[in-house]
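Residue numbers (the working numbering): 439 to 908. No residue lacks a Cβ here, since even glycine has one placed at the ideal position from N, Cα and C. The block underneath contains the structure these notes are about, expressed in structure tokens.
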Amino acid sequence: MLFVEARFFLFFGLVFGLVWALRSNLWRKRVLTLASYVFYGAWDWRFLGLIMMVTIVSYLVGNAATLPESETKKRKWALGTGIVFALIVLGLFKYFNFFADSFVDFAGLMGFNAGHVTLNLVLPVGISFYTFQAISYMVDVHRGVIGARRSFLDVAFYIAFFPQLVAGPIVRASDFIPQMDTARKWSDVAVRASVALFLVGFFKKACISDNIAPYVDLIFADPSAYTAHSVIAGVLLYGIQIYCDFSGYSDMAIATAGLLGYKFPPNFNSPYLSRDIQIFWRRWHISLSSWLRDYLYIPLGGNRKGDMRRDVNLMTTMVLGGLWHGASFNFIIWGFLHGLALMVERTWSDHVAKRFNPMGLIGIIIGTAMTYYWVNLAWIFFRAPTLEESLAIAKTYLTFSSEGVQNLPAVVWPFILAMGVFHIFSHRIKLGEMLAQIPPARFALTTGALAALALSFVPLGYRPFIYFQF
Numbered sequence: 439m440l441f442v443e444a445r446f447f448l449f450f451g452l453v454f455g456l457v458w459a460l461r462s463n464l465w466r467k468r469v470l471t472l473a474s475y476v477f478y479g480a481w482d483w484r485f486l487g488l489i490m491m492v493t494i495v496s497y498l499v500g501n502a503a504t505l506p507e508s509e510t511k512k513r514k515w516a517l518g519t520g521i522v523f524a525l526i527v528l529g530l531f532k533y534f535n536f537f538a539d540s541f542v543d544f545a546g547l548m549g550f551n552a553g554h555v556t557l558n559l560v561l562p563v564g565i566s567f568y569t570f571q572a573i574s575y576m577v578d579v580h581r582g583v584i585g586a587r588r589s590f591l592d593v594a595f596y597i598a599f600f601p602q603l604v605a606g607p608i609v610r611a612s613d614f615i616p617q618m619d620t621a622r623k624w625s626d627v628a629v630r631a632s633v634a635l636f637l638v639g640f641f642k643k644a645c646i647s648d649n650i651a652p653y654v655d656l657i658f659a660d661p662s663a664y665t666a667h668s669v670i671a672g673v674l675l676y677g678i679q680i681y682c683d684f685s686g687y688s689d690m691a692i693a694t695a696g697l698l699g700y701k702f703p704p705n706f707n708s709p710y711l712s713r714d715i716q717i718f719w720r721r722w723h724i725s726l727s728s729w730l731r732d733y734l735y736i737p738l739g740g741n742r743k744g745d746m747r748r749d750v751n752l753m754t755t756m757v758l759g760g761l762w763h764g765a766s767f768n769f770i771i772w773g774f775l776h777g778l779a780l781m782v783e784r785t786w787s788d789h790v791a792k793r794f795n796p797m798g799l800i801g802i803i804i805g806t807a808m809t810y811y812w813v814n815l816a817w818i819f820f821r822a823p824t825l826e827e828s829l830a831i832a833k834t835y836l837t838f839s840s841e842g843v844q845n846l847p848a849v850v851w852p853f854i855l856a857m858g859v860f861h862i863f864s865h866r867i868k869l870g871e872m873l874a875q876i877p878p879a880r881f882a883l884t885t886g887a888l889a890a891l892a893l894s895f896v897p898l899g900y901r902p903f904i905y906f907q908f
């Protein structure tokens, strides 16, 4: 069930009307939890048991945090068991075949004959997101950031809440669970802002991302057939596609939750205007990057144990962040490239920039251009189906040479430039906020006209959101 499908609007309309018709906070949570399971079951009802198991374990581990101080070992054991369980669930469905096949290949290189062991497991949609949210709950409770919830319903509602269930943002337990304690008030809902944000997200996904996807598919399906400038255009188009697709989903998720009275943190902030990779990760998929920082990088030691340990921690975090996206060496390389850039930037900042600071306007422009170039280089490995094709496209991207003769339509370059201008414009002027400030009658007329215009650009058929595969 996609946010851009007609059946979602029917589903949401029914849930929206029922929730706000109820006055009891308890019954609202019951309805929203049940609706969330219906939403998730619409993908594949068999996975409802999996998310329920993760929820039960999270609830039990949270309750273990209430044991007295004399039972510290039991509390730590419970937390460790809960995290290991969540990671085993994630690893079994997402990484078993990858590591099994890699082991067989490695054994072959060493002269051993190891048989293939393959499980034909279907990847449950959204498993990476709700397992991370479950870990967030367990860790935050044991750290004392939030109290353990005595109500199983509260934990189930937090993990399964449908707007963010299948593709984020990864909402911290400490941010969301306190909102459950009191009934949401309609007077506190920013209706126009939420509607405007949903419309912006819909436009990004259905009108921009889905329309450029066929051109991206052409390049990544057969890069050797295209000229260098067409291959490079295809890479840049993919950068636009994945940004509009994923930020569009996040916009719609935040807006949907907002219309039900719940607040999600922002997940994107004009990432392609970042002057370095560190800033890029403060603006791209903010919920994941902050999760990796707080639950992985800092526990590993962060930057507290010297430059070498810091670099190891950075690389470990980014490589594991790459692997989180999928069981493929391509994702590992994607994470490695970002980790390498972060290490170089930290070294530059510590040993060069202190003596020579180029961060005037020209320095910012150069830094932004270099960051954008590097991010798109990494996107090649994120998108290409095989390592061989990734390397072939990366070679063309880096050398500006190709033996291919086919070209993408000439309009793609003006389109890429227009998207760059729009990215800058939307960063300086928040369209959703601007729409929300106009009078109600004019708002209704404007959003209605924009919705009609957007629908005219929607291609036939719906493409799943890119991050559904993670």
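How should residue i be labelled, buried or exposed, when 16 other C-beta atoms within 10 angstroms of its C-beta is the threshold for buried?
| i | result |
| --- | --- |
| residue 836 | exposed |
| residue 493 | buried |
| residue 860 | exposed |
| residue 511 | exposed |
| residue 471 | buried |
| residue 843 | exposed |
| residue 893 | exposed |
| residue 569 | buried |
| residue 822 | buried |
| residue 504 | exposed |
| residue 798 | exposed |
| residue 562 | buried |
| residue 578 | buried |
| residue 709 | buried |
| residue 895 | exposed |
| residue 848 | exposed |
| residue 610 | buried |
| residue 629 | exposed |
| residue 463 | exposed |
| residue 727 | buried |
| residue 838 | exposed |
Which whole-angstrom value is the C-beta distance of residue i and residue j, which I expect to be below 8 angstroms?
| i | j | result |
| --- | --- | --- |
| residue 608 | residue 725 | 4 angstroms |
| residue 813 | residue 718 | 6 angstroms |
| residue 840 | residue 834 | 5 angstroms |
| residue 695 | residue 636 | Actually they do not touch by this definition, with Cβ atoms about 11 angstroms apart. |
| residue 739 | residue 747 | 6 angstroms |
| residue 600 | residue 477 | 4 angstroms |
| residue 566 | residue 528 | 7 angstroms |
| residue 497 | residue 614 | Residue 497 to residue 614, Cβ: 15 angstroms. No contact. |
| residue 778 | residue 770 | The pair is not a contact, with the Cβ atoms about 12 angstroms apart (cut-off 8 angstroms). |
| residue 631 | residue 500 | In fact, because the Cβ distance is near 33 angstroms, the residues do not count as touching under 8 angstroms. |
| residue 639 | residue 676 | Contact doesn't hold; Cβ gap of about 19 angstroms is too wide. |
| residue 642 | residue 442 | Incorrect: roughly 11 angstroms between the Cβ atoms, too far for contact. |
Could you tell me which of the options sits nearest to residue i, measuring between CA atoms?
| i | options | result |
| --- | --- | --- |
| residue 903 | 603, 776, 576 and 525 | 603 |
| residue 424 | 715, 877, 878 and 470 | Since the displayed the chain opens at 439 and closes at 908, residue 424 lies outside it and no answer follows. |
| residue 572 | 524, 746, 455 and 581 | 524 |
| residue 820 | 867, 890 and 765 | 765 |
| residue 689 | 759, 847, 868 and 754 | 868 |
| residue 521 | 509, 508, 484 and 580 | 580 |
| residue 446 | 802, 481, 503 and 784 | 481 |
| residue 788 | 809, 749 and 499 | 749 |
| residue 730 | 773, 634 and 708 | 773 |
| residue 776 | 720, 800, 804 and 873 | 720 |
| residue 653 | 877, 479 and 845 | 845 |
| residue 593 | 658, 467 and 640 | 467 |
| residue 723 | 805, 704, 619 and 463 | 704 |
| residue 767 | 533, 634 and 895 | 533 |
| residue 876 | 634, 901, 850 and 826 | 634 |
| residue 810 | 448, 826 and 678 | 678 |
| residue 852 | 831, 674 and 640 | 674 |
| residue 803 | 711, 640 and 611 | 711 |
| residue 785 | 801, 800, 733 and 744 | 744 |
| residue 531 | 871, 509, 564 and 582 | 564 |
| residue 817 | 805, 865, 452 and 763 | 763 |
| residue 824 | 658, 873 and 706 | 658 |
Beta carbon of residue i: closer than 8 angstroms to some heavy atom of the ligand SAM?
| i | result |
| --- | --- |
| residue 699 | Of ligands this structure carries none, so the ligand SAM is not represented either. |
4-residue-minimum alpha helix (DSSP H) runs that sit fully inside the region 853 to 891, ordered along the chain: Runs found: 869 to 874.
contact_flag[the region 673 to 682, the region 648 to 656] where n(CB pairs < 8 angstroms) is 3 or more: The region 673 to 682 is in contact with the region 648 to 656.
Is the region 505 to 523 touching the region 476 to 490, taking contact as three or more C-beta pairs under 8 angstroms? Too few Cβ pairs lie closer than 8 angstroms, so no.
Would you call the region 618 to 631 in contact with the region 685 to 702, where contact means no fewer than 3 C-beta pairs closer than 8 angstroms? With the rule of 3 Cβ pairs closer than 8 angstroms, the region 618 to 631 counts as touching the region 685 to 702.
Below 8 angstroms, can you find three or more Cβ-Cβ pairs linking the region 651 to 666 to the region 880 to 888? Short answer: they don't touch.
Continuous alpha helix (DSSP H) assignments of at least 4 residues falling wholly in the region 737 to 767: Within the region 737 to 767, the complete alpha helix (DSSP H) runs of at least 4 residues are 745 to 763.
Which runs of the alpha helix (DSSP H) at least 4 residues long sit entirely within the region 650 to 693? Give them in chain order. Runs of the alpha helix (DSSP H) spanning 4 or more residues and lying entirely within the region 650 to 693 do not occur at all.
What are the complete alpha helix (DSSP H) segments, minimum 4 residues, inside the region 455 to 495? Within the region 455 to 495, the complete alpha helix (DSSP H) runs of at least 4 residues are 463 to 479.
Every unbroken alpha helix (DSSP H) inside the region 792 to 827 [4 residues or more]: Runs found: 799 to 821.
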